[in-house]
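Note sheet for the following structure.
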């Protein structure tokens with residue numbers, strides 16, 4: 013759950029020209045998390061290790077109190093005074109002057125009033141179940157947001173299926189699956205660098221679709237390359253892993269710019285949930301299908317990447333655009 017909330021908060025409080033760096037740093041930390049988790053679980057069997065784990069949890073809980081809430085979220089949810097306090101703190105940190113307090117207060121209150129008028133009202137006595145259902149339904153309620161939501165869900169499912177499927181295909185590519193796993197992990201490092209450079213200098217839609225199409229071409233080449241060309245197969249698989257990692261990084265960044273502030277957390281969180289569905293299907297494709305027809309999984313993964321790249325064209329371009337605060341803002345902008 014860390015990634016969706018981190019991306020949502022970072023996208024709302026970070027300047028656009030450096031947002032891609034922070035999103036890339038957040039995701040690129042994930043491989044190290046897996047290694048640290050292994051060390052953590054290894055110490056859980058000792059009494060001293062369990063005490064250490066409890067201290068880690070307390071430390072994280074204390075750190076969460078230091079982080080301010082997103083000012084955009086505060087405005088959208090009718091808390092303008094708290095948003096003004098956050099703006100003032102940020103201005104002091106950066107040594108800049110805000111407009112006169114009266115002007116800031118007027119602007120923030122106008123935005124808060126507009127957000128309250130355009131956001132769905134809920135009774136405080138409403139059932140919790142209805143509230144949860146409404147939170148999900150709002151992502152599908154309006155035409156443009158529905159298109160964005162369903163397209164992002166599909167891209168996340170396909171991207172995760174290809175990413176994890178290629179990671180688990182060592183037995184079908186190399187005689188040494190352990191070496192394959194290590195090198196495929198190392199191929200993610202240049203992907204983190206390339207993805208940041210690409211989103212900084214090029215348009216989001218064309219970059220993401222091109223990366224998926226490169227993945228498609230490489231995986232189809234793997235599928236139809238004879239097995240006796242083992243070195244060629246291995247090299248193609250490494251290029252494919254770098255391409256799909258680049259695609260995955262870019263779609264994470266892209267999705268944080270697509271959803272309006274009032275539903276950004278819900279949109280990104282549910283998109284990650286959809287990605288888990290694609291990840292769960294990958295082992296069945298590589299093991300069950302790949303054990304009978306070794307080339308078929310790569311055709312499936314290549315086709316998935318092709319469909320994800322084509323789906324990108326249904327999304328609006330966000331480079332140079334102001335992040336929408338409400339669903340109404342999004343619908344008006346994309347009309």
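Numbering (our numbering), first residue to last: 13 to 347.
Cβ atoms here follow ideal geometry from the backbone N, Cα and C, with glycine treated the same way.
Check	Outcome
Inter-residue spacing [alpha-carbon to alpha-carbon] between residue 309 and residue 203	23 Å
Residue 79 (DSSP reduced to helix, strand or coil)	coil
Residue span of the alpha helix (DSSP H) that contains residue 107, given as start and end	From DSSP, residue 107 is part of no alpha helix (DSSP H); its letter is neither H nor E.
Nearest-angstrom Cα separation, counted from residue 276 out to residue 157	11 Å
Cα-Cα separation between residue 247 and residue 206, rounded to whole angstroms	18 Å
Which of helix, strand or coil DSSP assigns to residue 153	coil
Length of the line joining the Cα atoms of residue 135 and residue 344	For residue 135, the predicted model reports a pLDDT of 48, less than 50, meaning its position is unreliable; a value from the coordinates is still stated below. Their backbone Cα atoms lie some 27 Å apart in a straight line.
Proximity of residue 117 and residue 86 at Cβ, strictly below 8 Å	no
C-beta atoms of residue 317 and residue 245 nearer than 8 Å	no
Residue 228 beta carbon less than 8 Å from that of residue 323	no
Cβ-Cβ separation, residue 265 to residue 177 (assumed contact under 8 Å), whole Å	Residue 177 to residue 265, Cβ: 22 Å. No contact.
Cβ-based neighbour list, residue 120, same chain, cut-off 7 Å, excluding 5 preceding and 5 following	87, 92, 95 and 96
Check whether residue 175 and residue 256 have beta carbons under 8 Å apart	yes
Test item: CB-CB of residue 199 and residue 250 under 8 Å	yes
Where the alpha helix (DSSP H) containing residue 280 begins and where it ends	273–296
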